[in-house]
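In numbering that gives the first Met the number 0, the protein residues as written are 0 to 367. From the three backbone atoms N, C-alpha and C, an ideal C-beta is built for every residue, glycine too. Note that the coordinates shown come from a computational prediction; the quantities given were computed from them, not determined experimentally. Each remark here refers to the structure printed beneath this line.
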Amino acid sequence: MRKRNIDVSKFTSLIALVVLIVISAILSGTFLKPVNILNVLRQICTNGVASCGAMFAILLGGIDLTVGSLFGLTGVLAAVLMQHMPWYFAVLILLVGAAALGYGIGAIIAKFQIPAFIATLAGLTGFRGAALAITGAANLPISQQGFLDIFGSGRVPYQVVLALLAVIAVFIVLSCLKKIRQQKTSTANAVLFAALYLIIEAYMAYLVISTGFMNCQILYLGVMLLLTYFLLNHTAFGRRIYAVGGNKDVAKMAGINVDRTIMQGHACACFCAVLGGLLIAAKLKSGVPTAGQSAEMDAIAATVIGGTSLSGGIGNIGGTIIGVLLIGVLANLLSLLNVSSDFQNIFKGLIILVAVIVDTQFKNKKGA
């Protein structure tokens with residue numbers, strides 16, 4: 000019989016986020032202003048996109064350390080390519096190349112049985128070195144305005160955003176009803192999750208109406224979150240990702256091509272990292288070889304804070320969204336309080352540690 004009570008262990012990260020938002024509102028009078036909230040959302044875009052990719056690697060029981068170095072290399076290559084061709088051809092080449100690169104990294108991990116940590120650590124070092132070598136450690140300007148508008152400073156009219164939010168709201172309600180009907184979770188959990196997402200949507204609508212537009216980078220983040228949700232929850236590919244991450248041997252006995260799934264998962268991870276690199280390059284209006292330093296740590300932290308297990312097979316995009324927001328809100332609050340970047344990293348490390356410990360303790364109590 001389906002349980003009707005609320006499973007508190009599923010909301011530990013959300014509770015931490017709510018507490019942090021309340022503290023931020025108390026400590027800073029400007030925190031809740033629409034302009035600042037939209038600023039927070041824009042600041043988390045690259046980490047949010049990268050975290051979508053990190054989810055695929057971590058759900059497989061692996062990890063991806065190439066994120067930060069790919070941010071830098073992507074910007075450099077974009078700047079070089081745009082000196083010789085229109086920006087849209089350059090973007091297409093980079094995104095297709097990203098998928099191919101990730102597939103290759105996955106092949107090395109799967110075929111040679113090399114731990115993902117080692118394979119992607121080699122990529123982290125190599126890609127950063129390549130970016131520095133190509134530019135001689137100098138920044139390369141990007142002047143194609145179309146790229147800067149589409150991927151950087153472009154504004155999406157509020158009417159378009161409201162229409163998208165309405166579509167998403169309908170999808171959330173239908174998804175909630177489906178979960179209740181199929182008994183995939185308790186009725187209380189399904190309704191509470193749906194209500195929370197709808198409240199967030201309503202607040203987003205308020206923000207957009209208040210400012211009259213939304214930065215295009217926030218829209219890219221929203222699209223990637225929805226695409227990741229769809230791939231992981233409504234496709235055979237997503238089911239294979241969870242199966243391989245849960246138990247490779249059982250997945251293989253079930254007829255799943257484990258090696259190919261690992262390659263595809265890392266292809267998704269690299270695709271997201273390169274897209275994040277394009278967003279950074281458009282924001283900075285140049286290819287910066289040192290861009291994205293430690294970005295892989297933020298992406299991994301957001302994913303783990305959101306409840307994705309480092310051992311693989313457990314996690315959801317909703318939790319990752321919360322993790323990304325938690326890190327973004329913390330960084331914004333510390334900036335508003337004029338806390339130095341060194342202390343920001345200390346606070347970030349502490350909150351990551353606390354969130355993971357709390358989440359682990361809830362899961363242990365549940366399993367006891």
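Evaluate Arg239 with the Cβ neighbour count: other Cβ atoms within 10 Å of its Cβ, from every protein chain shown; 16 or more gives buried, anything less gives exposed. In the sequence shown, counting from the first residue as 1, residue 239 sits at position 240. Buried, by the Cβ-count rule.
In whole angstroms, what is the alpha-carbon distance linking Lys2 and Ile279? Here residue 2 corresponds to residue number 3 of the sequence shown, with the count starting at 1. Here residue 279 corresponds to residue number 280 of the sequence shown, with the count starting at 1. With a pLDDT of only 49 at Lys2, under 50, the local geometry of the prediction cannot be trusted, and the value read off the model is given with reservation. One C-alpha to the other measures close to 45 Å.
Other residues of its chain near Ser209: CB distance less than 7 Å, five sequence neighbours each side excluded: The residue given as residue 209 occupies position 210 in the sequence shown. Closer than 7 Å at Cβ, skipping near neighbours: Pro33.
Rounded to whole angstroms, how far is the Cβ of Val243 from the Cβ of Ala250, which I believe are closer than 8 Å? For this step, residue 243 is matched to residue 244 along the sequence shown. For this step, residue 250 is matched to residue 251 along the sequence shown. Contact holds; Cβ gap of about 5 Å.
So, are the CB atoms of Trp86 and Phe170 less than 7 Å apart? Numbered from 1 along the sequence shown, position 87 holds the residue referred to as residue 86. Numbered from 1 along the sequence shown, position 171 holds the residue referred to as residue 170. Not a contact, by the Cβ cut-off of 7 Å.
Among the candidates Gly254, Gly237, Phe346, Ile217, whose CA atom is the shortest distance from the CA of Ser152? Translated into positions along the sequence shown, residue 152 becomes position 153. The option with the nearest alpha carbon to Ser152 is Ile217.
Could you check the C-alpha separation between Phe346 and Val323 for me, to the nearest Å? On the sequence shown, position 347 is the one that residue 346 refers to. On the sequence shown, position 324 is the one that residue 323 refers to. Cα to Cα, Phe346 sits roughly 15 Å from Val323.
Extract the residue ranges of the alpha helix (DSSP H) inside the stretch 239-281, only unbroken runs of 4 or more that lie entirely within it. 247-252
State yes or no: is the C-beta of Ala298 within less than 7 Å of the C-beta of Ala97? For the purposes of this step, residue 298 is identified with residue 299 of the sequence shown, where counting begins at 1. For the purposes of this step, residue 97 is identified with residue 98 of the sequence shown, where counting begins at 1. Going by C-beta atoms, Ala298 is not nearer than 7 Å to Ala97.
CB of Gly103 within 7 Å of CB of Ala272, strictly: If you number the sequence shown from 1, residue 103 lands on position 104. If you number the sequence shown from 1, residue 272 lands on position 273. No, the pair does not count as a contact, with Cβ atoms beyond the cut-off.
Who pairs with Asn214 in a beta bridge, going by DSSP? Taking the sequence shown and counting its residues from 1, the one referred to as residue 214 is at position 215. Arg154.
Gly286 - DSSP class collapsed to helix/strand/coil: Locating residue 286 in the sequence shown gives position 287, where the first residue counts as 1. It is a strand residue.
Note down, in chain order, each residue of its chain lying with its Cβ closer than 7 Å to the Cβ of Leu309, except the 5 sequence neighbours on either side. As a first step, residue 309 is located in the sequence shown; it is residue number 310 there, counting from the start. Contacts found: Ile57, Val303.
Where does Thr11 land, buried or exposed, given buried means 16+ other C-beta within 10 angstroms? Residue 11 sits at position 12 when you count from the first residue of the sequence shown. With 16 or more other Cβ atoms within 10 Å, it is buried.
Per DSSP, Pro455 is paired with what? Lying outside 0 to 367, the shown extent of the chain, residue 455 is not represented and no answer is given.
Counting along the chain, where does the alpha helix (DSSP H) carrying Asn35 start and finish? Indexing the sequence shown from 1 puts residue 35 at position 36. Counting along the chain, the alpha helix (DSSP H) containing Asn35 begins and ends at 33-42.
Out of Asn188, Pro140, Ala118, Leu283, which one is the CA nearest neighbour of Met81? Taking the sequence shown and counting its residues from 1, the one referred to as residue 81 is at position 82. Closest by alpha carbon: Pro140.
According to the Cβ coordinates, are Gly67 and Gly276 closer than 7 Å? Locating residue 67 in the sequence shown gives position 68, counting from the first residue. Locating residue 276 in the sequence shown gives position 277, counting from the first residue. Against a cut-off of 7 Å, the Cβ pair of Gly276 and Gly67 comes out as no contact.
Let me confirm a value: Ser23 is counted as buried when at least 16 other C-beta atoms fall within 10 Å, else exposed. Which label applies? Along the sequence shown, one-based indexing puts residue 23 at 24. Label assigned to Ser23: buried.
Helix, strand or coil for Thr227, going by three-state DSSP, please let me know. Numbered from 1 along the sequence shown, position 228 holds the residue referred to as residue 227. Helix, per DSSP.
If we ignore side chains and look at the alpha-carbon of each, how far apart do Asn344 and Leu16 end up? As a first step, residue 344 is located in the sequence shown; it is residue number 345 there, counting from the start. As a first step, residue 16 is located in the sequence shown; it is residue number 17 there, counting from the start. The straight-line gap from Cα to Cα measures roughly 18 Å.
Under DSSP, the alpha helix (DSSP H) around Phe116 begins and ends at which residues? Residue numbering aside, residue 116 sits at position 117 when the sequence shown is read from its first letter. 115-134 is the extent of the alpha helix (DSSP H) around Phe116.
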